[in-house]
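K.L.:
In this note's numbering, the protein residues as written are 2 to 103.
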């Protein structure tokens, strides 16, 4: 599994076997797999080699209940051609048509 993040501090933290945020059990999983089956990078080239790609980006809800997808759209624009082959987007509370928008 390859994690891609634009924040080099997050990449370094993951590659050193620690989680960039606190979630119960996350550090244990990262420690167990870092360097072996888990690698972090800031290069989007890994996307084209992946069988499955998950985008973990913030999509906060606005005061009116709408979802701010600006970060998700920016990430897909940054990855550009790497996603051209096959892209699907899923979020449990995304409005209908989100995959088409992205």
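Built from N, CA and C at the ideal position, the CB exists for glycine as well.
Buried or exposed: residue 5, going by 16 or more other Cβ atoms within 10 Å of its Cβ?
P.N.:
Looking at its Cβ environment, which holds 16 or more other Cβ atoms inside 10 Å, residue 5 is buried.
K.L.:
Check whether the Cβ atoms of residue 16 and residue 34 lie closer than 8 angstroms to each other.
P.N.:
No, these two residues do not count as a Cβ contact at 8 angstroms.
K.L.:
Might you give, ordered along the chain, the residues of its own chain that have their beta carbon closer than 7 angstroms to the beta carbon of residue 21, omitting 5 neighbours on each side?
P.N.:
Within the same chain, residue 21 has close Cβ partners 11, 14, 15.
K.L.:
For residue 104 and residue 18, what's the separation of their Cα atoms in angstroms?
P.N.:
Examination of residue 104 is not possible in this model, given that the chain is present from 2 through 103 alone.
K.L.:
Going by beta-carbon coordinates alone, are residue 80 and residue 45 separated by less than 8 angstroms?
P.N.:
In contact: residue 80 and residue 45 (Cβ atoms closer than 8 angstroms).
K.L.:
Just mark residue 48 as buried or exposed, buried being the case when its beta carbon has 16 or more other beta carbons within 10 Å.
P.N.:
Under this definition residue 48 is a buried residue.
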